[in-house]
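Accompanying notes for the structure given below.
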């Protein structure tokens, strides 16, 4: 009893601690780890894996149609009332006798085995089921590729927001110092109150911007957790900074070639073309006969004297279509049209993907050039703001000039951030179409 009490006491102490530890668990991820974690835990990806499993079961379901089928049947009958009999004289005894025409209680049982020998529709259906399985696998591959791109975009977005927060916080700290210094100079009569008000407006704007960015970061982390498939209470830490991602993503050389057959959208459409072709074949096979065979064994538990049940039956069946008033021909022609449309769509996609890949290369180069320019503008505007700050402290420029210099610096930072995000996005889209993400 004392031992049980001791164990229960320990469990009562440990279990709440374990729950708290689980709730406060920390997940530290670099970019590659985040993508792998999402592939393993994202619920949409899990559903696509289940679609593959379902398609595999569908292949076996279709395959089993052409394999031996065995079924059993049990039929019990009871005849109410009097059963008719046949009166006769027993030749051995010379005594009159009666022979019933049926048994009052009787059970008939049978086992039937059937086998499909030939069916063109079955053969094509089996090919189609395997093609659908391949489509499910390609759909999973496409979802995984999209998920990796979304994880990359979300990861980068959070890092950029955090960098913006640091920039705003630094500007806010400097502006607070300037406001305090300006207030002291105003109290001493060296500056007017309008200078204090002008800088206070800038300080208020920076404070509001900082709070807005902080809220954006908070919600971005929550959305990122949903994308990863992690618990919302998990403490998520991003191990990689924006500079290392820049080196990893932008620093990587762009593949100059473009293999259409390696593009996931082209692969999926190619399989759709195969489905259309199989659909045409399936309609054509409806002109062919269907041949099957069966074997049946049947018997009864109670038999009447005059019972003609046949125990063993072997048979076959041929279903031969003869004339359908050209209905089958009309269906075949429709399937031909759909197949031709799928071929046209394939050619159209080839052309669009080729142009799209070229356009994305142009967009990427433009984004790279734009980022370099905005990066230089940040350094220049920072120098202008620093000089304006020094001159303001010496009374050489007004608070209005200082505010304008600060706004120019913040705008250049914003432009640079936008250009950097566009650069990442164009590179991601380029790698997606090349299937190199």
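In the working numbering, the protein residues as written are -18 to 418. Every residue gets a Cβ at the ideal spot worked out from N, C-alpha and C, and that includes glycine.
| Query | Result |
| --- | --- |
| Short Cβ contact (8 Å threshold) for residue 276 with residue 94 | yes |
| Residue 139 to residue 201 span [Cα, whole Å] | 7 Å |
| Closest by C-alpha distance to residue 161, when choosing among 412, 174, 76 | 174 |
| Nearest-angstrom Cα separation, counted from residue 353 out to residue 234 | 17 Å |
| Start-to-end residues for the beta strand (DSSP E) that takes in residue 213 | Here residue 213 belongs to no beta strand (DSSP E), and DSSP marks it neither H nor E. |
| Range of the contiguous beta strand (DSSP E) that encloses residue 278 | 271 to 281 |
| Closest by C-alpha distance to residue 272, when choosing among 261, 297, 289, 253 | 297 |
| Burial state of residue 105 (16 or more Cβ within 10 Å) | buried |
| First and last residue of the uninterrupted alpha helix (DSSP H) at residue 327 | 308 to 374 |
| Counted within 10 angstroms of its Cβ, other Cβ atoms place residue 51 as buried (16 or more) or exposed | exposed |
| Rounded straight-line distance, which links the Cα of residue 334 to that of residue 127 | 17 Å |
| Contact check, residue 210 vs residue 24, beta carbons under 8 Å | yes |
| Proximity winner among 207, 152, 204, 206, relative to residue 180 (alpha-carbon distances) | 152 |
| Rounded C-alpha distance that separates residue 401 from residue 228 | 13 Å |
| Pair within 8 Å by beta-carbon distance, residue 270 and residue 250 | no |
| Option in 39, 248, 237, 357 with minimal Cα separation from residue 411 | 237 |
| Cα-Cα separation, residue 37 to residue 408 | 36 Å |
| Span of the beta strand (DSSP E), counted from its first residue to its last, around residue 62 | Here residue 62 belongs to no beta strand (DSSP E), and DSSP marks it neither H nor E. |
| Separation of residue 149 from residue 157, as counted between CA atoms | 12 Å |
| Segment contact flag, the segment 313 to 324 with the segment 251 to 265, C-beta cutoff 8 Å, min 3 pairs | yes |
| Per-residue burial, residue 466 [other beta carbons within 10 Å of its own, 16 or more giving buried] | Any property of residue 466 remains undetermined from this structure, which presents the chain solely from -18 to 418. |
| Integer-rounded CB distance, given that residue 389 should sit under 8 Å from residue 362 | 5 Å |
| Selected residue, minimal CA-CA separation from residue 60, among 86, 182, 381 | 86 |
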